[in-house]
Amino acid sequence: MVKAVVGANWGDEGKGKITDMLAKEADIIVRFQGGANAGHTIVNDYGKFALHTLPSGVFYGHTTSVIGNGVALNIPVLMEEIKSITDKGVPAPKILVSDRAQIVMPYHILFDQYEEERLGGKSFGSTKSGIAPFYSDKYAKTGFQVSELFDEALLKEKTERVCEAKNVLLEHLYHKPLLDPRKLLETLHGYREMIEPFVCDVSSFLDRAVKERKTVLLEGQLGTLKDPDHGIYPMVTSSSTLAAYGAIGAGIPPYEIRQIITVCKAYSSAVGAGAFVSEIFGEEADELRRRGGDGGEYGATTGRPRRMGWFDCVASKYGCRLQGTTDVAFTVLDVLGYLDEIPVCVGYEIDGEVTTEFPVTAKLEKAKPVLEILPGWKTDIRGIRTYEELPENCRKYIEFIEEELGYPITMISNGPGRNDIIYRDKD
Numbered sequence: 009m010v011k012a013v014v015g016a017n018w019g020d021e022g023k024g025k026i027t028d029m030l031a032k033e034a035d036i037i038v039r040f041q042g043g044a045n046a047g048h049t050i051v052n053d054y055g056k057f058a059l060h061t062l063p064s065g066v067f068y069g070h071t072t073s074v075i076g077n078g079v080a081l082n083i084p085v086l087m088e089e090i091k092s093i094t095d096k097g098v099p100a101p102k103i104l105v106s107d108r109a110q111i112v113m114p115y116h117i118l119f120d121q122y123e124e125e126r127l128g129g130k131s132f133g134s135t136k137s138g139i140a141p142f143y144s145d146k147y148a149k150t151g152f153q154v155s156e157l158f159d160e161a162l163l164k165e166k167t168e169r170v171c172e173a174k175n176v177l178l179e180h181l182y183h184k185p186l187l188d189p190r191k192l193l194e195t196l197h198g199y200r201e202m203i204e205p206f207v208c209d210v211s212s213f214l215d216r217a218v219k220e221r222k223t224v225l226l227e228g229q230l231g232t233l234k235d236p237d238h239g240i241y242p243m244v245t246s247s248s249t250l251a252a253y254g255a256i257g258a259g260i261p262p263y264e265i266r267q268i269i270t271v272c273k274a275y276s277s278a279v280g281a282g283a284f285v286s287e288i289f290g291e292e293a294d295e296l297r298r299r300g301g302d303g304g305e306y307g308a309t310t311g312r313p314r315r316m317g318w319f320d321c322v323a324s325k326y327g328c329r330l331q332g333t334t335d336v337a338f339t340v341l342d343v344l345g346y347l348d349e350i351p352v353c354v355g356y357e358i359d360g361e362v363t364t365e366f367p368v369t370a371k372l373e374k375a376k377p378v379l380e381i382l383p384g385w386k387t388d389i390r391g392i393r394t395y396e397e398l399p400e401n402c403r404k405y406i407e408f409i410e411e412e413l414g415y416p417i418t419m420i421s422n423g424p425g426r427n428d429i430i431y432r433d434k435d
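Numbered as in our numbering, the sequence shown ends at 435 without a single skipped number.
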């Protein structure tokens with residue numbers, strides 16, 4: 009059976025924890041899109057980890073971790089990440105990398121930095137990990153597939169051809185040092201040595217696994233609102249964040265994805281620029297940020313303070329719909345235990361009219377939140393393991409949001425640890 013774990017909102021919903029938890033019963037975990045530009049924070053018996061490329065199931069000895077063809081593969085970052093977990097006593101994970109995955113090149117990272125610098129105040133708030141230039145090259149058909157590292161004649165010719173084109177931009181647009189094709193070729197030889205032990209035909213491997221009825225988890229990065237088609241364009245990422253893309257980014261038939269677990273936070277947070285209707289500011293935001301997550305709400309990749317807001321039913325309902333949600337995992341509920349009252353965004357007021365449908369970006373920029381105030385539960389809910397034990401107002405909060413979403417909340421996370429989870433039977 010194939011299951012997908014994806015985000016409903018801007019990312020940072022807690023997908024890493026949910027994937028790590030579900031990996032206990034899984035055989036294979038697949039990253040199917042994105043690169044090292046966003047992180048998943050995991051807390052387990054080995055310690056606290058921020059993963060960027062590795063799937064969140066690498067901590068179990070029985071699993072195989074797969075980097076799918078849809079991933080933006082930064083080879084040195086992947087190698088460093090493997091070392092960072094084994095240095096902390098985690099057994100060496102079994103890793104497979106698709107021969108069709110494309111490589112984040114050193115110049116992608118440079119171009120990302122140069123473009124943000126050039127745009128100045130009109131920049132996209134990039135993490136400067138090379139993601140937009142990488143995907144630009146992929147779809148312009150000038151990217152490097154992993155398989156091409158093993159064809160020396162092709163590699164040499166392509167390196168020279170690509171450097172020629174890139175150097176025009178470096179000289180005339182960015183006024184930066186030019187690329188040396190010989191040095192780039194040497195770098196790629198080093199990449200080849202690093203990645204060779206892991207390379208395989210991932211699509212064929214997964215086809216066999218599905219036929220053998222193995223449990224496969226697809227792990228997405230970021231969330232619906234960062235999708236380039238359906239998100240808050242242009243303040244989005246450069247690869248599809250939707251479960252539907254999991255079939256493409258892993259190389260499996262779409263009908264094999266039987267369960268789509270969409271992760272929602274019990275409040276909202278976002279890293280980077282873009283419309284964020286339920287955003288809060290000042291002391292109110294600082295308090296929620298300080299209490300949020302495990303050690304506060306700061307980006308796992310950038311360390312940037314996350315922007316904070318109340319739960320947004322409009323954005324989350326839209327996010328769940330686009331993902332094709334079968335189950336909602338509701339995370340960091342324990343964080344809200346300090347509040348007397350909890351505002352929830354139930355609609356957007358745009359030009360004097362209230363809507364509960366998520367609009368296109370130009371309208372979103374004008375939206376004001378319509379808030380409904382729910383009573384808080386004023387107690388610590390960590391350690392609770394059954395739904396019935398939760399305080400009445402806490403259950404009412406969950407059930408109110410479930411009603412607004414229109415999708416079943418079947419998992420509730422009430423702490424950062426792997427076992428801080430409440431399963432809720434909706435049958």
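Built from N, CA and C at the ideal position, the CB exists for glycine as well.
Less than 9 Å between the beta carbons of residue i and residue j, yes or no?
| i | j | result |
| --- | --- | --- |
| P84 | Y199 | yes |
| N77 | S137 | no |
| L330 | G384 | no |
| I350 | L382 | yes |
| F142 | A80 | yes |
| I417 | A323 | no |
| E361 | K376 | no |
| T223 | A12 | no |
| K273 | G42 | no |
| I139 | D120 | yes |
| T150 | L196 | no |
| P313 | T49 | no |
| R426 | M29 | yes |
| R126 | L181 | yes |
Of the residues the options, which one's Cα is nearest the Cα of residue i?
| i | options | result |
| --- | --- | --- |
| I256 | L226, V112, G231 and E305 | L226 |
| D188 | E204, S73, V170 and M202 | V170 |
| Y115 | S421, H70 and K184 | K184 |
| L193 | D215, L181, A161 and F213 | A161 |
| Y306 | M9, V354 and D20 | D20 |
| A109 | V38, S421 and A293 | V38 |
| V66 | Q41, K96, L214 and G42 | K96 |
| A251 | D335, D53, V98 and L181 | D335 |
| K5 | E411, K371, D237 and L347 | Residue 5 is absent from the structure shown; the chain starts at 9 and stops at 435. |
| A283 | F366, Q229, G311 and P262 | F366 |
| G47 | F40, A34 and L62 | L62 |
| N422 | T394, V362, I409 and F408 | T394 |
| V340 | V271, L186, R190 and E89 | V271 |
| L186 | V10, G22, T195 and E172 | E172 |
| D342 | G355, D359 and D388 | D388 |
| I392 | I430, V244 and E411 | I430 |
| L59 | G300, N45, L118 and K374 | N45 |
| T333 | G69, R266 and I406 | R266 |
| V354 | E123, Y54, I409 and M243 | I409 |
Should residue i go down as buried or exposed, given a rule of 16 or more other Cβ atoms within 10 Å for buried?
| i | result |
| --- | --- |
| D320 | buried |
| K325 | buried |
| D428 | buried |
| S247 | buried |
| D294 | exposed |
| S277 | buried |
| A234 | Looking at the sequence provided, one finds Lys at residue 234 rather than Ala. That one is buried. |
| S286 | buried |
| Y415 | buried |
| Y405 | buried |
| D145 | buried |
CB of residue i to nearest heavy atom of the ligand MG: below 8 Å?
| i | result |
| --- | --- |
| S155 | Of the ligands one can find in the structure shown there are none, so the ligand MG has no counterpart to examine. |
From what residue to what residue does the beta strand (DSSP E) around residue i run?
| i | result |
| --- | --- |
| S277 | S276 to A278 |
| F338 | D335 to T339 |
| S106 | K102 to S106 |
| I381 | K376 to P383 |
Which two residues bound the contiguous alpha helix (DSSP H) that contains residue i?
| i | result |
| --- | --- |
| I90 | I83 to T94 |
| I406 | E400 to L413 |
| A293 | G290 to R299 |
| R39 | Counting along the chain, R39 falls outside any alpha helix (DSSP H), though it belongs to the beta strand (DSSP E) covering I36 to R39. |
| K166 | E160 to L177 |
| Q121 | P114 to L127 |
| P189 | P189 to I203 |
| L372 | T369 to L372 |
| M29 | K23 to L30 |
Could you check how far apart the C-beta atoms of residue i and residue j are, in whole angstroms? I think they sit under 8 Å.
| i | j | result |
| --- | --- | --- |
| T3 | S64 | No statement about residue 3 is possible, as the shown extent of the chain runs from 9 to 435 and does not include it. |
| D107 | V154 | 5 Å |
| G231 | G15 | 3 Å |
| L379 | W318 | 7 Å |
| G228 | T249 | 6 Å |
| M202 | M87 | 5 Å |
| G327 | N17 | 5 Å |
| R403 | M419 | Rounded, the Cβ-Cβ distance is 15 Å, inconsistent with contact. |
| G290 | R297 | With a Cβ gap of about 11 Å, G290 and R297 do not count as contacting. |
| I103 | F206 | 5 Å |
| V10 | E264 | 5 Å |
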